[in-house]
Amino acid sequence: MRRPLQLWLLCTFLLAAATAPLEYVSFRDVATSCGLTHPNVSGGREQKSFIIETTGTGVAIFDYDGDGRNDIFLVNGTSVHPPKTGPSPIAQLYHNDGDGKFHDVAREAGFTAEGWGQGVCVGDYDNDGHPDLLVTYWGHNILYRNLGGGKFQDVTAKAGLPVSGTRYGSGCAFLDYNKDGHLDIFVANYVDFDFARSPKAGSVPFCEWKGMAVACGPRALPVAYNVLYRNNGDGTFTDVSERAGILKPGGRYGLGVVSADFDNDGWPDIYVACDQTPSLLYYNQGNGTFIERGVEAGAAYNFDGQAQSGMGIAVADFDGNGFLDIAKTNFSGDLPSLYKNEDGRFFTDVSREAGLGAHHLLGWGAAFIDLDEDGWKDLVMANGHVYPEVDRRNFGDRYLQKTLVYRNSGHGKFVDISAAAGPAFEVERPARGLAVGDLDGDGRPEIVIANMNAVPSLLKNEAPARQNWLTLRLEGTKSNRSAIGARVTVEAGGRRQIDEVLGGGSYYSQSDFALHFGLGKAIEVDRITIRWPSGLKQELTRIPVNRQLLIREGYNPQSP
Numbered sequence: 164m165r166r167p168l169q170l171w172l173l174c175t176f177l178l179a180a181a182t183a184p185l186e187y188v189s190f191r192d193v194a195t196s197c198g199l200t201h202p203n204v205s206g207g208r209e210q211k212s213f214i215i216e217t218t219g220t221g222v223a224i225f226d227y228d229g230d231g232r233n234d235i236f237l238v239n240g241t242s243v244h245p246p247k248t249g250p251s252p253i254a255q256l257y258h259n260d261g262d263g264k265f266h267d268v269a270r271e272a273g274f275t276a277e278g279w280g281q282g283v284c285v286g287d288y289d290n291d292g293h294p295d296l297l298v299t300y301w302g303h304n305i306l307y308r309n310l311g312g313g314k315f316q317d318v319t320a321k322a323g324l325p326v327s328g329t330r331y332g333s334g335c336a337f338l339d340y341n342k343d344g345h346l347d348i349f350v351a352n353y354v355d356f357d358f359a360r361s362p363k364a365g366s367v368p369f370c371e372w373k374g375m376a377v378a379c380g381p382r383a384l385p386v387a388y389n390v391l392y393r394n395n396g397d398g399t400f401t402d403v404s405e406r407a408g409i410l411k412p413g414g415r416y417g418l419g420v421v422s423a424d425f426d427n428d429g430w431p432d433i434y435v436a437c438d439q440t441p442s443l444l445y446y447n448q449g450n451g452t453f454i455e456r457g458v459e460a461g462a463a464y465n466f467d468g469q470a471q472s473g474m475g476i477a478v479a480d481f482d483g484n485g486f487l488d489i490a491k492t493n494f495s496g497d498l499p500s501l502y503k504n505e506d507g508r509f510f511t512d513v514s515r516e517a518g519l520g521a522h523h524l525l526g527w528g529a530a531f532i533d534l535d536e537d538g539w540k541d542l543v544m545a546n547g548h549v550y551p552e553v554d555r556r557n558f559g560d561r562y563l564q565k566t567l568v569y570r571n572s573g574h575g576k577f578v579d580i581s582a583a584a585g586p587a588f589e590v591e592r593p594a595r596g597l598a599v600g601d602l603d604g605d606g607r608p609e610i611v612i613a614n615m616n617a618v619p620s621l622l623k624n625e626a627p628a629r630q631n632w633l634t635l636r637l638e639g640t641k642s643n644r645s646a647i648g649a650r651v652t653v654e655a656g657g658r659r660q661i662d663e664v665l666g667g668g669s670y671y672s673q674s675d676f677a678l679h680f681g682l683g684k685a686i687e688v689d690r691i692t693i694r695w696p697s698g699l700k701q702e703l704t705r706i707p708v709n710r711q712l713l714i715r716e717g718y719n720p721q722s723p
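Under the working numbering, the letters of the sequence shown match residues 164 to 723, in that order.
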């Protein structure tokens, strides 16, 4: 009788885990009603002839004008054969009007560049209090300096970044790798692509999928190399990729990028999700160099030792052991990877055991976010196929795919609650980039998704009931102003949670830098400990719940 009883208890637990949070989670897509009405452009709608048409674009959530409200930046692409009439697509910068509405101010703000835009990352590289942007392109990337007053300036050439030659920039991240207080830039490059030299669909084996001629995948093209630019502290950057060890692993097909401290030594490391090649984990040695240990650490392959088609990345301590874990989205027919960080140096792919094997969709943007505010980070993943042609074949795949949400049960397991998490998760989308951040000031993060050849999605949690929470926005003084790399520990309700201000993340995207902690039924935060990149350790005690706090390095907290 013991085994049937154990099975009954397990089923009862899983049922409870799947249903208990639903009073706290009900998302609806409010993008159109909020004013997010401009479609993204990403190659052909019915057919993709080149790989550049398939990768899509990213999104960033940040307060560009310092009015205390988060705004939305969406990278835009173009077409192989742009229309001869009408304006060419440019990026979208949606100003948050504070009344639930947004309006696009991109052109007035200085974003007029056209072309094959890809990813975006945010960071105040000159420490003037105005967050700057790096936008990656096929061609050359663009560094936009935020001048204040709602204006940006292209300072790429002035900053010493390349403005000639052609690279396929993909994911990027600001980070202070040498902890000098100035943000550096890491950029992944996807493939060595040229329209004239790219094989045609169906011409070689890597230009077919399940017997169907399609745009050539990365294996039909040469690999590319990642780049690290050191901030010289005077508004210019120097390429230190070789001396820092970034080039040592050789070329890969790099896509998503994140910077985080995976071994808890106080120095920012870098993880790169790679397509059809082993993913990369660069450990910061604290002396200006990195050592790549993705394979040795167990974060390069899946549980069967196979390289995957890695796309996007989410980072959080999902199991509460004090180390940051990695979730990675992958290609169609595969399941997402969940790398449990055992001790800072070794990871275990627990995707099957954790319950992420139910869907084999083609994943892109991803984020850990505590949707039900129980103190355990849940996982959201945006999906969408690369080939529109799949809808014309009976492959069992669809071009438009649903966004998935997995609830963290707090026992190392995730439960798929997508079908009951609100109408936003019933919609199929051609999704790519994804970012999270509080857009209406209620302390609860929203989700923004960049969709291919469609308007973006803005997913808002409209469930009335909620548990207790705390949101912290950090501002460096001796450390970089954006506080990228700051580690926060929150102790409340008998639990200890950690989080970190990340550079990059998701797929081609940047979430808001504010850290949101679900507290469950805890009525007070016992202690907050901040480890700033400068090395300063700051502690606060007996903090009231259900509020947003601005904490400046070395100063008492304030309400933003």
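Heads up, the beta-carbon is just placed ideally off N, CA and C, and yes, glycines get one too.
Of the candidates V390, E552, K623, E455, the residue whose Cα lies closest to the Cα of R330 is V390. Here A628 carries a coil assignment [DSSP, helix/strand/coil].
Judged by beta-carbon spacing, A598 lies beyond the 8 Å limit of I253, meaning their Cβ atoms are not closer than that value. Residue environment: N719 is assigned as exposed (fewer than 16 neighbouring CB atoms within 10 Å of its CB, all protein chains considered). Note that the region 533-546 touches the region 630-649; at least 3 beta-carbon pairs, one per stretch, sit closer than 8 Å. Taken in chain order, the unbroken stretches of beta strand (DSSP E) that lie wholly in the region 431-500 and span 3 residues or more are 432-437, 443-447, 453-455, 476-479, 488-491. As for any alpha helix (DSSP H) of minimum length 4 sitting wholly inside the region 552-603, there is none. For C335, the enclosing beta strand (DSSP E) covers residues 330-338.
Here the alpha carbons of R555 and E209 stand approximately 10 Å from one another.
Under the three-state reduction of DSSP, I647 is assigned to coil, being neither helix nor strand.
Counting along the chain, the unbroken beta strand (DSSP E) around C284 starts and ends at 280-286. Taken in chain order, the unbroken stretches of beta strand (DSSP E) that lie wholly in the region 185-219 and span 3 residues or more are 190-192. In the structure shown, S722 adopts coil according to DSSP, grouped into three states.
Counting C-beta atoms within 10 angstroms of its own C-beta, I714 has 16 or more neighbours from the protein chains shown and is therefore classed as buried. Residues of the same chain with a CB within less than 7 Å of the CB of M375, apart from the 5 flanking positions on each side, are E552, R556 in chain order.
Using a Cβ-Cβ distance cut-off of 8 Å, the region 331-338 and the region 280-290 are in contact, since at least three pairs of beta carbons, one from each stretch, lie closer than that value. Per the C-alpha coordinates, the member of S422, H574, E663, G547 positioned closest to T220 is G547. Note: F315 is bridge-paired with N309 in the DSSP secondary-structure output. Here DSSP, grouped into helix, strand and coil, assigns E371 to strand.
Excluding its 5 nearest sequence neighbours in each direction, A463 has C-beta neighbours in its own chain below 6 Å: P441, S442, G457, listed in chain order.
Judged by beta-carbon spacing, A584 lies beyond the 8 Å limit of R595, meaning their Cβ atoms are not closer than that value. Under a 10 Å Cβ-count criterion, A460 is classified as buried, with 16 or more other Cβ atoms of the shown protein chains found around its own Cβ.
Excluding its 5 nearest sequence neighbours in each direction, T452 has C-beta neighbours in its own chain below 7 Å: A407, G408, listed in chain order.
The beta carbons of A582 and A529 sit no closer together than 8 Å.
By the C-beta density criterion, D234 is buried, having at least 16 other C-beta atoms within 10 angstroms.
Taken through DSSP and simplified to helix, strand or coil, S514 comes out as helix. As DSSP reads the structure, Y227 sits in no beta bridge. L542 and K247 have their C-alpha atoms some 42 Å from each other. A655 sits away from W695, with the two beta carbons spaced by 8 Å or more.
Just so you know, the alpha carbons of T401 and F349 end up roughly 12 Å apart.
The distance from the Cβ of A617 to that of P593 is about 6 Å, consistent with a contact at the 8 Å cut-off. Under DSSP, R658 shares a beta bridge with A655.
Annotation: R406 is outside any alpha helix (DSSP H) and is labelled neither H nor E by DSSP.
Put simply, the backbone Cα of H258 is about 34 Å away from that of F494. Three or more Cβ pairs closer than 8 Å define a contact, and the region 307-317 falls short of that threshold against the region 698-713. Straight-line measurement puts the Cα of L237 at about 25 Å from the Cα of A378.
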